[in-house]
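Everything below concerns the one structure shown next.
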Amino acid sequence: MYLSIFDMFKIGIGPSSSHTMGPMIAAARFLDLMRASPFEFASVGAVLYGSLAFTGKGHATDRAVILGLAGMMPDTYDADLADAAMVEMLRSKTVTPAELPPLSFDPQADVVFNYDAPLDGHANGMEMIARDEQGDVILRETYYSIGGGFVLTADELANQDDAPDGPPIPFPFKSAAQMLEMAAKSGLSIAAMKRKNELSHMGPNALDDGIARIWQVMNDCIDRGLMTDGILPGGLMVKRRAKGIHAALVNEQGLNLTAPHTINDWMSTYAMAVNEENAAGGQVVTAPTNGAAGVVPATLRYWLDHVPTATPAKIPDFLLTAAAIGGLVKFNASISGAEAGCQAEVGSASAMAAAGLCAVMGGTPEQVENAAEIALEHHLGMTCDPVRGLVQVPCIERNGLGAIKAVSAASLALRGDGTHLVPLDAAIETMRQTGADMASKYKETSLGGLAVNVPNC
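The opening position of the sequence shown corresponds to residue 1 in my numbering, with each subsequent residue numbered one higher.
As structure tokens, this is what we get:
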């Protein structure tokens, strides 16, 4: 299946692409299914399974489903309208989707958390149901939120290998080895090949405007995070730190009082700013997920603000290259923490960022592939163990370290000629195998790791 840059980078809301955005999209899809049905409906409900149940409260999964049934979508989300809709539905115990009759729906009772066992298809499974006047279920659909805001029905998940790709693309690489072979034969960079692939599905203006929009939302998210302090929601009393760190770094500039490694603090604070915004339910861009949304924009912002040769004209090359690498990881392994742990989220994001940075700093395709491999290799085995199911601890700091690793990986790759022992394809396959072997308690269920060894209050 062809993955566009706009599949890898989606504008949405926090705190989670798989646990917030995905369920909201699933609920909206179910409304479309109801609209196309000949039945007369009287009520709706949802059942959450697996990771969606275990960490659903911390990820606002129930709220996402409720708002999805109210007709809201992540890319057009309005916080004020959402709050008003929640108040009204709690009062009336009714939802009134467009083109459907008013439906009985109690937000506190009709979203059920089933902790017994996950569904067979994926750890992030949910069922949407609709009933008639007698209370009988007359329409049911199973959805899987497979990471990064991607949502598939049970049938789509089972048959995704047979799904049509749409228009053919000129560079249909499905592995890093194929990508490098096509780059060598064409003489094009990875970004140039990815751009030609995108142009087979859309016009140049739509592509350029879309990329500009993605970076604008990313950069605005950094800026909001750098200007906002306070305590993050959820009960852990986690203090927002990006604003204070950034202010201190600005005050230290030009004083010759800081060590060279302070540059790492700049990278970290950019990433933390994004993930603090994400934890607060703000607007972010999946990169490739919400939980890892800070790594790519932090690395790009670091390059723009701190590398003398940087130019905004190369931002598309950065993001196109990053998207190409992210697509390889998703196609051949996973970007879902519930499926493969945080190696699939921050690890993938770090590989994407490293590749993008290496590309805009003049790296060859071989060096870009090497940069991505270095970054991913040194996240292998990383668990996803959010305390209280919130995308806060260890997620916020982890994005900062992912950005630091991305910059280090790009720098190391640029010091070489692109030849290296472990190919990116091997690192991706290792990540897939490691995720398959990882115990479920370490895969976004909050049943192991830091989630059980750190007090939840």
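Every residue gets a Cβ at the ideal spot worked out from N, C-alpha and C, and that includes glycine. Keep in mind the model is a prediction, meaning the values are calculated, not measured.
- Taking Cβ positions, are Glu276 and Ala248 nearer each other than 8 Å? With respect to the 8 Å criterion, Glu276 and Ala248 are not classified as neighbours on the basis of their beta carbons.
- Item | Cβ neighbour criterion (16 or more within 10 Å) applied to Ala46 | By the neighbour-count rule (16 or more Cβ atoms within 10 Å), Ala46 is buried.
- Mind the definition here: the segment 288-300 touches the segment 26-41 only if three or more C-beta pairs lie below 8 Å; say whether that holds. With fewer than three CB-CB distances shorter than 8 Å, the segment 288-300 does not count as touching the segment 26-41.
- Note down the Cα distance separating Gly210 from Leu3, rounded to an integer number of angstroms. Straight through space, the alpha carbons of Leu3 and Gly210 are spaced by roughly 15 Å.
- Euclidean distance between Cα positions of Asp78 and Ala184: Whole-angstrom Cα-Cα distance: 46 Å.
- Report the residue ranges of all alpha helix (DSSP H) runs contained in full by the segment 71-129; include only those spanning at least 4 residues, in chain order. Listed in chain order, they are 79-92.
- 8 Å contact criterion, which Val368 and Ile190 should meet: CB distance rounded: About 6 Å separates the beta carbon of Val368 from that of Ile190, a gap short enough to meet the 8 Å contact definition.
- Message: Against chain B, does Leu232 count as a neighbour if the rule is that its beta carbon must be under 8 Å from one of theirs?
- Response: Among the chains of the structure shown, chain B does not appear; only one protein chain is present.
- Message: Give me, in chain order, the residues of the same chain whose beta-carbon lies closer than 6 Å to that of His246; leave out the 5 immediate sequence neighbours on both sides.
- Response: Within the same chain, His246 has close Cβ partners Leu226 and Thr269.
- Compare the C-alpha of Ala340 against each of Pro15, Val452, Ala413 and Met382 and name the closest. It is Met382.
- Task: Identify, in the order they occur along the chain, each residue of the same chain with its Cβ nearer than 7 Å to the Cβ of Trp303, setting aside the five sequence neighbours on each side.
- Result: Contacts found: Ala310, Leu357 and Val360.
- If we ignore side chains and look at the alpha-carbon of each, how far apart do Thr430 and Met24 end up? So the alpha carbons of these two residues sit roughly 32 Å apart.
- Could you name each continuous beta strand (DSSP E) segment of 3 residues or more that falls completely within the segment 277-359, going from the start of the chain to the end? Restricted to the segment 277-359, the beta strand (DSSP E) segments that are unbroken, complete and at least 3 residues in length are 283-285, listed in chain order.
- Message: If I measure Cβ to Cβ from Gly234 and keep anything under 8 Å in the same chain, skipping five residues before and after, which residues do I get?
- Response: Here the set comprises Gly58, Ala279, Arg388, Leu390 and Gln392.
- Segment limits, beta strand (DSSP E) that includes His150: Note that residue 150 is Phe in the sequence shown here, rather than His. Phe150 -> beta strand (DSSP E) spans Phe150 to Thr153.
- Which value, in whole angstroms, describes the spacing of the CA atoms of Thr321 and Ala354? Rounded to whole angstroms, Thr321 to Ala354 spans 10 Å at the Cα level.
- Message: Check whether the segment 119-127 and the segment 141-151 touch, using three or more Cβ-Cβ pairs below 8 Å as the test.
- Response: Taking 8 Å as the limit for Cβ pairs, the verdict is that the segment 141-151 does touch the segment 119-127.
- Task: Identify every residue that forms a DSSP beta bridge with Arg398.
- Result: DSSP lists no partner for Arg398.
- Query: Ends of the alpha helix (DSSP H) at Ser16?
  - Reply: Counting along the chain, Ser16 falls outside any alpha helix (DSSP H), and DSSP gives it neither H nor E.
- State buried or exposed for Gln511, treating a residue as buried only when at least 16 other CB atoms are found within 10 Å of its CB. Given that the chain is displayed from residue 1 to residue 457, the structure contains no residue 511 and the question cannot be resolved.
- Task: State the start and end residues of the unbroken beta strand (DSSP E) segment that holds Leu33.
- Result: No beta strand (DSSP E) contains Leu33, which is instead part of the alpha helix (DSSP H) from Gly22 to Arg35.
- Message: Just to confirm the assignment, what range does the beta strand (DSSP E) spanning Ala46 have?
- Response: Note, Ala46: beta strand (DSSP E), Ser43 to Leu48.
- Message: Quick check: what's the CA-CA separation for Phe39 versus Pro101?
- Response: The straight-line gap from Cα to Cα measures roughly 11 Å.
- Item | At least 3 beta-carbon pairs within less than 8 Å: the segment 107-116 vs the segment 50-69 | Taking one beta carbon from each stretch, the segment 107-116 and the segment 50-69 have 3 or more pairs nearer than 8 Å; the two touch.
- Item | CA-to-CA distance, Ala375 to Ala271, given in whole angstroms | Per the coordinates, the alpha-carbon of Ala271 lies some 16 Å from the alpha-carbon of Ala375.
- Message: If I measure Cβ to Cβ from Gly71 and keep anything under 8 Å in the same chain, skipping five residues before and after, which residues do I get?
- Response: When the five nearest sequence neighbours on each side are left out, the beta carbons in the same chain lying within less than 8 Å of the beta carbon of Gly71 are those of Ala28, Leu31, Pro97 and Ala98, in order along the chain.
- Return the first residue and the last residue of the alpha helix (DSSP H) that Arg432 is part of. Unbroken alpha helix (DSSP H) run through Arg432: Leu424 to Asp437.
- Task: May I have the straight-line CA-CA distance separating Asp385 from Gly22, to the nearest angstrom?
- Result: Between Asp385 and Gly22, the C-alpha separation is close to 20 Å.
- Item | Contact between the segment 437-452 and the segment 331-338 (3+ Cβ pairs under 8 Å) | In this structure the segment 437-452 lies against the segment 331-338, because at least three pairs of beta carbons, one per stretch, are closer than 8 Å.
- Query: Which whole-angstrom value is the C-beta distance of Phe6 and Val44, which I expect to be below 8 Å?
  - Reply: Not quite, the Cβ-Cβ distance comes to about 30 Å (not below 8 Å), so this is no contact.
- Item | Contacting residues, own chain, Cβ-Cβ under 7 Å from Leu232 (five flanking each side not counted) | Val238, Arg240, Glu276, Ala279, Ala280 and Gln392.
- Hey, could you find the ends of the alpha helix (DSSP H) Val452 is sitting in? Leu450 to Asn453 is the span of the alpha helix (DSSP H), which, as asked, contains Val452.
- Return the first residue and the last residue of the beta strand (DSSP E) that Thr142 is part of. Where Thr142 is concerned, the enclosing beta strand (DSSP E) stretches over Val137 to Gly147.
- Query: Can you give the beta carbon distance from Leu380 to Thr434, rounded, assuming they're within the 8 Å contact cut?
  - Reply: Contact flag correct, Cβ pair sits at about 6 Å.
- Sequence-distant residues of the same chain with beta carbon closer than 7 Å to Ile396, five excluded per side: Hits under 7 Å: Met272, Asn275, Glu276 and Ala279.
- Determine the direct distance from the alpha carbon of Ala403 to that of Arg301, and round the result to whole angstroms. If I take the Cα positions, the gap works out to 10 Å.
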